[in-house]
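Chemist: Numbering that gives the first Met the number 0 applies: residue 0 is where the sequence shown begins, and numbers increase by one.
Think of the CB as a built atom: it goes at the ideal place given N, C-alpha and C, for glycine as much as any other residue.
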Amino acid sequence: MRRVGLLAGLLALLAAVAILAPPLEHFMNRVEPGPLPEVSPQAARLHDAAFVVDLHADSLLFGRDLSRRSDTGHVDLPRLREGGVGLQVFAAPTVVPLGMDMERTSSNALDMLDWAGDLLRPGLGRSSPMQRALLIAQALEVLARESGGRLVVVRSREDLRELREARSEDPGTVGAVLAIEGAHAMEGDPDNLQALFDAGYRILGLTHFFDNAYAGSAHGEAKGGLSPLGRQTLAEMQSLGMLADIAHLSPRATHELLDQASTPVVFSHGGVKGTCDNTRNLSDAMLQRVADGGGVVGIGYWDWATCGTAPEDVARAVRYVIDTVGDDHAALGSDYDGGVSVSFDTSKLSVLTQAMLDAGIPEPSIRKVLGENALRVLDLGLPWEGDAKPASQSRNMPARRGQRASAG
Numbered sequence: 000m001r002r003v004g005l006l007a008g009l010l011a012l013l014a015a016v017a018i019l020a021p022p023l024e025h026f027m028n029r030v031e032p033g034p035l036p037e038v039s040p041q042a043a044r045l046h047d048a049a050f051v052v053d054l055h056a057d058s059l060l061f062g063r064d065l066s067r068r069s070d071t072g073h074v075d076l077p078r079l080r081e082g083g084v085g086l087q088v089f090a091a092p093t094v095v096p097l098g099m100d101m102e103r104t105s106s107n108a109l110d111m112l113d114w115a116g117d118l119l120r121p122g123l124g125r126s127s128p129m130q131r132a133l134l135i136a137q138a139l140e141v142l143a144r145e146s147g148g149r150l151v152v153v154r155s156r157e158d159l160r161e162l163r164e165a166r167s168e169d170p171g172t173v174g175a176v177l178a179i180e181g182a183h184a185m186e187g188d189p190d191n192l193q194a195l196f197d198a199g200y201r202i203l204g205l206t207h208f209f210d211n212a213y214a215g216s217a218h219g220e221a222k223g224g225l226s227p228l229g230r231q232t233l234a235e236m237q238s239l240g241m242l243a244d245i246a247h248l249s250p251r252a253t254h255e256l257l258d259q260a261s262t263p264v265v266f267s268h269g270g271v272k273g274t275c276d277n278t279r280n281l282s283d284a285m286l287q288r289v290a291d292g293g294g295v296v297g298i299g300y301w302d303w304a305t306c307g308t309a310p311e312d313v314a315r316a317v318r319y320v321i322d323t324v325g326d327d328h329a330a331l332g333s334d335y336d337g338g339v340s341v342s343f344d345t346s347k348l349s350v351l352t353q354a355m356l357d358a359g360i361p362e363p364s365i366r367k368v369l370g371e372n373a374l375r376v377l378d379l380g381l382p383w384e385g386d387a388k389p390a391s392q393s394r395n396m397p398a399r400r401g402q403r404a405s406a407g
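#1: What ranges does the beta strand (DSSP E) occupy inside the stretch 98-182, keeping only unbroken runs of at least 3 residues that lie completely in it?
#2: Please report the straight-line C-alpha distance between Gly224 and Asp302, rounded to a whole angstrom.
#3: What are the boundary residues of the beta strand (DSSP E) that Phe266 is part of?
#4: What did DSSP end up calling Val368 once you bin it into helix, strand or coil?
#5: On the criterion of 16 or more Cβ atoms from any shown chain inside 10 Å, does Val141 qualify as buried, or is it exposed?
#6: Secondary structure at Ser58, three-state DSSP: helix, strand or coil?
#7: Using beta-carbon positions only, say whether Glu168 and His207 come within less than 8 Å of one another.
#8: Taking DSSP's pairing of strands, which residues face Tyr319 in a bridge?
#9: Could you spell out the range, first to last residue, of the beta strand (DSSP E) harbouring Asp244?
#10: With a CB to CB cut of under 6 Å and the five nearest residues on each side skipped, what residues in its chain are close to Gly174?
#11: Among the candidates Ala178, His268, Val30, whose CA atom is the shortest distance from the CA of Gly332?
#12: Straight-line CA distance for Arg251 to Arg120?
#13: The alpha helix (DSSP H) spanning Val296 covers which residue range?
#14: Looking only at DSSP bridge pairs, what is Ala329 linked to?
#15: Using DSSP with H/G/I as helix, E/B as strand and the rest coil, what is Leu65?
#16: Spatial neighbours of Lys222 within its chain, please: C-beta separation below 6 Å, excluding the five flanking residues on both sides.
#17: Taking Gly199 as the reference, give the member of Ala184, Gly122, Val176, Leu374 with the closest Cα.
#18: Considering only the alpha carbon of each residue, which of Gln231, Val271, Glu157, His73 lies closest to Val289?
#19: How many whole angstroms separate the CB atoms of Arg279 and Gly171, which I take to be in contact at a CB cut-off of 8 Å?
#20: From Ser155, His183, Gln231, pick the residue whose C-alpha is nearest to that of Phe209; which is it?
#21: Please state if the CB of Tyr335 and the CB of Ser127 are separated by a distance shorter than 8 Å.
#22: Restricting to runs no shorter than 4 residues, where is the alpha helix (DSSP H) found entirely within the stretch 190-264?
#23: For Met101, count the other beta carbons within 10 Å of its own beta carbon; 16 or more makes it buried, fewer makes it exposed. Which is it?
#24: Is any non-hydrogen atom of the ligand GDP found closer than 7 Å to the C-beta of Ile179, if you look at the structure I gave you?
#25: Look at the Cβ atom of Gly325, then the Cβ atom of Leu54, and state whether they are nearer than 8 Å.
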């Protein structure tokens, strides 16, 4: 009888996951109804000819089938193809703190994925942060394998160049790069950096919404700099061929990372204080430092990034980056499917090209923003095939537990 009871409980849990997961994502990742600019023939031609790159989407956190077109969320493979996207960076959040706040989030907050993760993707709730990262990487591998060549995973510079060639023959081919939000996914084990790399991760942000043992977060309590562990991890990342993402770093940690970085960095998703002044966004000084290092700033499409969700709000932030540091450093970083509301999903991305034209941005600059700038940085930061040094050789990297502790 006990086995029957356990089985009934398991079936009830699985049924709850199946029933509740789609409505939960529909609530979290909304497209707000409203007028969008009409896309002119000029904008359509410009958009169709561009290699479009989006530096950040959290779509793999959710269990829906991304090979099928859906009315839920913002991204799936059919909508990426409709929107003319050539490369999508898929990010993996592995800890989502309860009560997370843009201004101040505790490192000791309960992890919502522990009790609600299975409502998003089966297996997340019963996993450690590292296991979640590997589960999400596996989901991308399955999606690519079953796509019939429509989606290819990019792990190296050779892969990136092969993607360009494939798109010249079939513009509907989409590349995918894996990113991870927060080095706490490594769980204090330095060997896990190699494991993440082997799983396909090529972009890593040291922090997400809370301070950890690697660095201070823009949303943390202490908002400190890089710890010795964070500095060593950054050095090993760059040796392997992983790009650093500063999108959630504290100002102090950002400056310290830029002091050490030997390759361009990405600010994958967010905005600039010049058009939307809050703790999430880059100051002019930070913007200049990213540009001085050859990096790119991915402008997001949600209100905290641009103080609005209309295409013209995004275009205004893009224009500000161009006017401040030049057109080599502006890029797109939607934060699609990241628990945000937007005014257009990825299938309607050409409305943003229209908005940039309407903002007076020249066509050559728009092509850079749509993808050329991001491609340049990826081509500089990704490894050559087989050229990475194994992280397991770096035994001087201190192993730390309690990885959610604040960095000083």
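Modeler: Let's see:
#1: 150-152, 173-180
#2: 27 Å
#3: 265-269
#4: helix
#5: exposed
#6: helix
#7: no
#8: DSSP, once it has assigned bridges, lists no residue as partnering Tyr319.
#9: 242-244
#10: Leu86, Val151, Val153, Leu162
#11: His268
#12: 35 Å
#13: Run containing Val296: none in the alpha helix (DSSP H); it sits in the beta strand (DSSP E), 295-298.
#14: Val296
#15: coil
#16: Gly215, Ser249
#17: Val176
#18: Val271
#19: With 8 Å as the limit, Arg279 and Gly171 do not qualify as a contact, their Cβ atoms being about 34 Å apart.
#20: His183
#21: no
#22: 190-197, 227-239, 250-259
#23: exposed
#24: As far as ligands go, the structure on display features none, and thus does not contain the ligand GDP.
#25: no
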